[in-house]
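At position 156 of the sequence shown the residue is numbered 1083 (the working numbering), and the sequence of numbers has no breaks. We treat Cβ as the ideally placed atom computed from N, Cα and C, and that holds for glycine. None of the values given here were measured: they were computed from a predicted structure. Report on the following structure.
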Amino acid sequence: MYDDSGVTIAKAKLEKGYYGIGETVAASTYSHLTSNLQWKALHPMDGNLPAIYELCAAYKVPILLHIDPPFGEPIIKLEEALRCFSDTVFIFGHANVFNPPKNIENLLSRYNNLYVDFFAGFTVYDPSNDFPLVNYIPLIKKYSERILLSTDSATAQNLDYAKAINAMYEVIELCEDNAIAERIGRLNFLELIEVQPATKSQIALLQSHGIKYDPITTNKRIANELILGNHLV
């Protein structure tokens, strides 16, 4: 999405039925995985990113941003994006990595279009982490409707998928609330998908093959299921 054709390609994918954009490297200085990528952005308002945010709003899809470090210019520019594109849902990827709860709450408290991807495995297992998991639990409880648990592909020291998943369950157990557990583990993801309307291309494909659908209730997910179920791709 960083070259001249990036926005066009992203739009084509969303029109086809994709549910979101990311992981997008919106800033990276220290990550051993992303800091040396030629196609990383300098900050969350760099290059094509504003146009991509507009696209996300139009299709009602979220965008997941990798941002490191979680302070300084990257966060200043993230806040600019949150203000300028208030109809876009932003997911701050692995926001807890080297980031204390108070910094995350500062953002969540001011921007309703911000969600946080919580990489529990890093907080529980990575020896370079300075902030105990229990310190994040009040934040997770308070903003449970905008917290998403993740494994982040288990990319941390002393970590594999089994540990990354175990750490997610540790978060759930510490929350001591079944409703919060369901929300951060499932419902928030589901709601981000269910709100997305069927695209013009999806509807045209269904109509061209005479596939019956309810124009009122058919969203992008249902349209995808009809398309795949009828072997239209």
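Quick one, which of the options has its alpha-carbon nearest residue i's?
{"i": "alanine 1131", "options": "Val1051, Arg1010, Glu942 and Leu1009", "result": "Glu942"}
{"i": "valine 1043", "options": "Val1051, Lys1068, Glu1000 and Pro1054", "result": "Lys1068"}
{"i": "alanine 1081", "options": "Lys1139, Phe1116, Tyr929 and Val1024", "result": "Val1024"}
{"i": "leucine 1055", "options": "Ala1083, Asn1030 and Glu1097", "result": "First, the residue type needs correcting, since residue 1055 is serine and not leucine in the sequence shown. Cα-wise, what sits closest to serine 1055 is Ala1083."}
{"i": "threonine 1145", "options": "Gln1129, His1158, His1136 and Gly1137", "result": "Gln1129"}
{"i": "leucine 1035", "options": "Leu1005, Glu1103 and Gln965", "result": "Leu1005"}
{"i": "alanine 1125", "options": "Ile1002, Asp1141 and His959", "result": "Asp1141"}
{"i": "isoleucine 1031", "options": "Gly999, Leu1066, Ala1008 and Phe1046", "result": "Leu1066"}
{"i": "isoleucine 1064", "options": "Glu1103, Lys1090, Leu964 and Glu1007", "result": "Glu1103"}
{"i": "threonine 1050", "options": "Pro996, Glu1097, Ile1143 and Ile979", "result": "Glu1097"}
{"i": "asparagine 1039", "options": "Phe1017, Asp1053 and Pro1027", "result": "Phe1017"}
{"i": "valine 934", "options": "Ala978, Lys1127 and Pro989", "result": "Ala978"}
{"i": "isoleucine 1165", "options": "Lys1127, Ala1008, Arg1148 and Asn1157", "result": "Any answer about residue 1165 is impossible in this case: the structure gives the chain only from 928 up to 1160."}
{"i": "glutamate 1121", "options": "Glu981, Val988 and Gly1112", "result": "Val988"}
Taking residue i as part of the alpha helix (DSSP H), name the residues at either end of that continuous run.
{"i": "serine 1135", "result": "1127-1135"}
{"i": "leucine 1066", "result": "1064-1069"}
{"i": "leucine 1119", "result": "1115-1121"}
Less than 8 Å between C-beta atoms, sequence neighbours within five positions excluded: which residues of the same chain meet that for residue i?
{"i": "alanine 984", "result": "Phe1012, Asp1014 and Thr1015"}
Which residue marks the beginning of the beta strand (DSSP E) containing residue i, and which one marks its end?
{"i": "alanine 953", "result": "948-954"}
{"i": "phenylalanine 1045", "result": "1041-1046"}
{"i": "leucine 1060", "result": "Premise fails: leucine 1060 is in no beta strand (DSSP E) and is neither H nor E."}
Drop a sphere of 10 angstroms on the beta-carbon of residue i, count the other beta-carbons inside from all chains shown, and report buried for 16 or more, exposed for fewer.
{"i": "alanine 1106", "result": "exposed"}
{"i": "valine 952", "result": "buried"}
{"i": "glycine 1020", "result": "buried"}
When every heavy atom of the ligand PLP is checked, does at least one fall within less than 7 Å of the C-beta of residue i?
{"i": "leucine 1159", "result": "This structure lacks the ligand PLP, and indeed carries no ligand of any kind."}
Could you pull out every residue in the same chain whose Cβ sits closer than 6 Å to the Cβ of residue i, ignoring the five residues on either side in sequence?
{"i": "methionine 1095", "result": "Ala1047 and Leu1076"}
{"i": "glycine 949", "result": "Ile990 and Leu991"}
Among residues of its own chain, excluding the 5 on either side of residue i, which ones have a beta-carbon nearer than 7 Å to its beta-carbon?
{"i": "asparagine 975", "result": "Met928, Tyr929, Gly933 and Val934"}
Contact the stretch 959-975 vs the stretch 1146-1159: 3+ CB pairs below 8 Å: Result no; under three Cβ-Cβ pairs closer than 8 Å.
Between the stretch 949-967 and the stretch 1107-1122, do at least 3 Cβ pairs fall closer than 8 Å? With a cut-off of 8 Å, the stretch 1107-1122 and the stretch 949-967 do not count as touching, because too few Cβ pairs lie within range.
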